[in-house]
Every structure is written in C-alpha cells, then in structure tokens.
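Everything below concerns the one structure shown next.
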Amino acid sequence: MAVPKSARKAPPAAEAPAAPDHAADTQGAIAAAHAPYRLEAQIGFVLRCVHQRATEIFNATMARHGVTPTQFSVLVKLDDLGSVSQNQLGRLVAMDPATTSGVVGRLVARGLVAHSPAPEDARLVLLALTPEGRKAVADMKIDAAEVTRRTLEPLSAEEATALLNALGKLT
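If you read the sequence shown in my numbering, its first letter stands for residue 85, the second for the next number, and so on.
Okay, here's the thing in structure tokens:
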C-alpha cells in the first residue's frame, strides 16, 4: 500500500538541501490565524471607520459647497481632464455606471456639468464642466485641502505618506 505524501517523513537534515528560513516571515501570519477574531483588527472594519471619519470631516468642511464626496470626485476629475465620456469618468473615479449616472445627473441639474456629443462620434456623449462648474471647483479645492489635512492630522508627515503609499498598493 502506498504511503500518502502527507505521511512520508522528510529526509534527514544532512541530505535535504538548505531551504530559506521562512519562519520569521510566517510567524505573524500564523499568530494571526490562531488568534481570536477581533473585529477591530480586521482591515475592512478599520477602513470603514477611517472612511466614516473622513466623510464626516468632508461633510463638515465642504458643507457650504453642497456636494457629496462622490460629486466632488467627479467635478475634480472633469477639471483635470476637460471632457470625458460618462463611462470613462465612472472608471476613473471608481464608480459603477448607475452611481455615475445619478451623480452626473445631479451635477447637470445644478448647472455645474454639461454634456455634448463627441465631435468624432455623435453617438458618444462627453461631459465637461460649465464655466460655473470650473469656478465652483476652484473654490472647492481650497477647502478640500483642509479635508485632507484634518483627516491625516493624527499622523506625522512620514506616517501620512506611508499610509497613502500602502493604501495605493491595495487599489
């Protein structure tokens, strides 16, 4: 009867090739796998708490502009790009098509965004800021810098940079 691979003994250490010592690399992972589950130690929970804090700061700081974080993202991206299709805009600001459509519709209704057919293909609709939208975004960006400052306030400059770099790797 054949012996299952999992039951076979490893060759004596003298015969086995030297393997890299992964013990140091895996100790943290093993400890985490065997530790009791703590909600506060889970990345999703921590990110949600940070998101809630950042949203509260955004809402308090940007209240006079009457925009949501998603609306602000759309406005800033349009300010950066000039004009873009709604589908491309949604991808660039990490929103699904239905959310993008609703956000854009509200910004069009406020007169901040306009849509027009693309010169090269009339079937394609391009979005762009209106003159009023450009003026509003310039004003909003001044306050938005304060949102970032207040959100990262508990961190040193080095910690803030490290956090943004680490989070960038997860997107």
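Where a beta carbon is used, it is the ideal one built from N, C-alpha and C, also for glycine.
The structure displayed is predicted, hence computed values, not measured ones.
Inter-residue CB distance, residue i and residue j (contact presumed, cutoff 8 Å)
i: residue 161; j: residue 177; result: 5 Å
i: residue 195; j: residue 214; result: 6 Å
i: residue 211; j: residue 199; result: 5 Å
i: residue 158; j: residue 187; result: 5 Å
i: residue 239; j: residue 247; result: 6 Å
Beta-bridge partners of residue i, as assigned by DSSP
i: residue 205; result: 202
i: residue 211; result: 168, 199
Residue of the options minimising C-alpha distance to residue i
i: residue 62; options: 120, 131, 148; result: Here the chain comprises residues numbered 85 to 255, so residue 62 is not present and cannot be evaluated.
i: residue 230; options: 146, 119, 170; result: 146
i: residue 155; options: 124, 131, 249, 189; result: 189
i: residue 201; options: 168, 121, 136; result: 168
i: residue 185; options: 119, 170, 175; result: 170
Three-state secondary structure assigned by DSSP to residue i
i: residue 157; result: helix
i: residue 224; result: helix
i: residue 233; result: helix
i: residue 252; result: helix
i: residue 245; result: helix
i: residue 98; result: Residue placement at residue 98 cannot be trusted, given a pLDDT of 44 that sits under 50; what the coordinates show is reported in the next sentence. Looking at residue 98 - three-state DSSP - the assignment turns out to be coil, as it is neither helix nor strand.
i: residue 194; result: coil
i: residue 146; result: helix
i: residue 181; result: helix
i: residue 239; result: coil
i: residue 175; result: helix
With a threshold of 8 Å, are at least 3 pairs of Cβ atoms found where one atom belongs to the stretch 128–144 and the other to the stretch 228–243? Contact between the stretch 128–144 and the stretch 228–243 is present, because at least three Cβ pairs lie under 8 Å.
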